[in-house]
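Let me begin by presenting the structure, written as structure tokens, before commenting on it.
Residue numbers (our numbering): 21 to 313.
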């Protein structure tokens, strides 16, 4: 039986994060067809759902999960929906950076519920991450002028952290089943967002986007989500969240290159601080059993 080495979950989590960093591209592309808010994410996840149904048709036993695993996958699905919606309500770079306050919530969850020791690197990482967020948001934090997308991005990071913690505590569950539940609940929560937004129904001009969106959902979302959840079962929540900041690199760079959005020293400094927080926590040896193989 194949037994992954300790470096494999780290490598795959980093690789998956780099791919998540360009998730904004299909979301923004679908917005060009009139699919605003959570509508684009719903369409993309519909393709992923069809792929999941095909997988479970051949291996139905993978659909059996514990209640803890179900809740974790549901929270991660909600996080993906909120993140996709936030990309349409605020600047891409801003949303990505605010989502990556997730390690802050993950470190608190680890300490309170898993008994993982709080190290000096944890304090340093949290201070750097919060400083980066304050640089990014500037006076908006104190003036009460935060955008709706900003708040949704922060909440999506919190939902991700809680979901990742529950998945980490369910190491024996099937990654295929976790992927299927995550996709299903992403669709359910997308419908909820659409109802709250009172978004208009898609028009005929969206029809050319249907098949490409289904293909992206099946060929892109499923393998990247599978790798993310497989790694989440083997890496402690904060370690995983810090590793996933590789999304900052691909997301911030691609957003700065291809979008006409402001990117100056506050965004660059905020990204550097949040990324350095991730590197400190991951690269300094812990010796406290944060990796499960």
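The beta-carbon is built from N, C-alpha and C at its ideal position, and this holds for glycine as well.
Three-state secondary structure assigned by DSSP to residue i
| i | result |
| --- | --- |
| residue 255 | strand |
| residue 42 | coil |
| residue 192 | coil |
| residue 178 | helix |
| residue 162 | Any reading at residue 162 needs caution, since the residue's pLDDT is 48, under 50, leaving its predicted position unreliable; the model's value is listed next. In the structure shown, residue 162 sits in a helix (DSSP, three-state: H, G or I). |
| residue 118 | helix |
| residue 67 | helix |
| residue 137 | coil |
| residue 54 | coil |
| residue 293 | helix |
| residue 284 | coil |
| residue 79 | coil |
| residue 84 | coil |
| residue 21 | With a pLDDT of 43 at residue 21, under the threshold of 50, the predicted position of this residue should be treated as unreliable, and no value is reported. |
| residue 131 | helix |
| residue 167 | coil |
| residue 32 | helix |
Nearest-angstrom Cβ-Cβ length linking residue i and residue j, presumed shorter than 8 angstroms
| i | j | result |
| --- | --- | --- |
| residue 181 | residue 125 | 4 angstroms |
| residue 187 | residue 252 | 4 angstroms |
| residue 38 | residue 270 | 5 angstroms |
| residue 98 | residue 179 | 5 angstroms |
| residue 268 | residue 116 | 6 angstroms |
| residue 129 | residue 185 | 5 angstroms |
| residue 169 | residue 120 | Rounded, the Cβ-Cβ distance is 15 angstroms, inconsistent with contact. |
| residue 392 | residue 238 | The shown model of the chain, from 21 to 313, leaves out residue 392, and the question about it has no answer. |
| residue 294 | residue 152 | 4 angstroms |
| residue 91 | residue 233 | Not confirmed; about 28 angstroms, so no contact. |
| residue 210 | residue 71 | The Cβ separation is near 17 angstroms, so there is no contact. |
Segment limits, alpha helix (DSSP H) that includes residue i
| i | result |
| --- | --- |
| residue 267 | 266 to 278 |
| residue 226 | Counting along the chain, residue 226 falls outside any alpha helix (DSSP H), and DSSP gives it neither H nor E. |
| residue 89 | 87 to 109 |
Closer than 7 angstroms to chain C by CB, residue i
| i | result |
| --- | --- |
| residue 126 | Among the chains of the structure shown, chain C does not appear; only one protein chain is present. |
Worksheet item: Would you call the stretch 47 to 62 and the stretch 168 to 176 touching, i.e. three or more CB-CB distances under 8 angstroms?
Response: no
Practice prompt. Check whether the stretch 134 to 144 touches the stretch 71 to 81, counting contact only when three or more Cβ pairs, one atom from each stretch, lie closer than 8 angstroms.
Written response: no
Discussion item. Could you check whether the stretch 238 to 245 touches the stretch 104 to 114, counting it as contact only if at least three pairs of C-beta atoms, one from each stretch, sit closer than 8 angstroms?
Written reply: no
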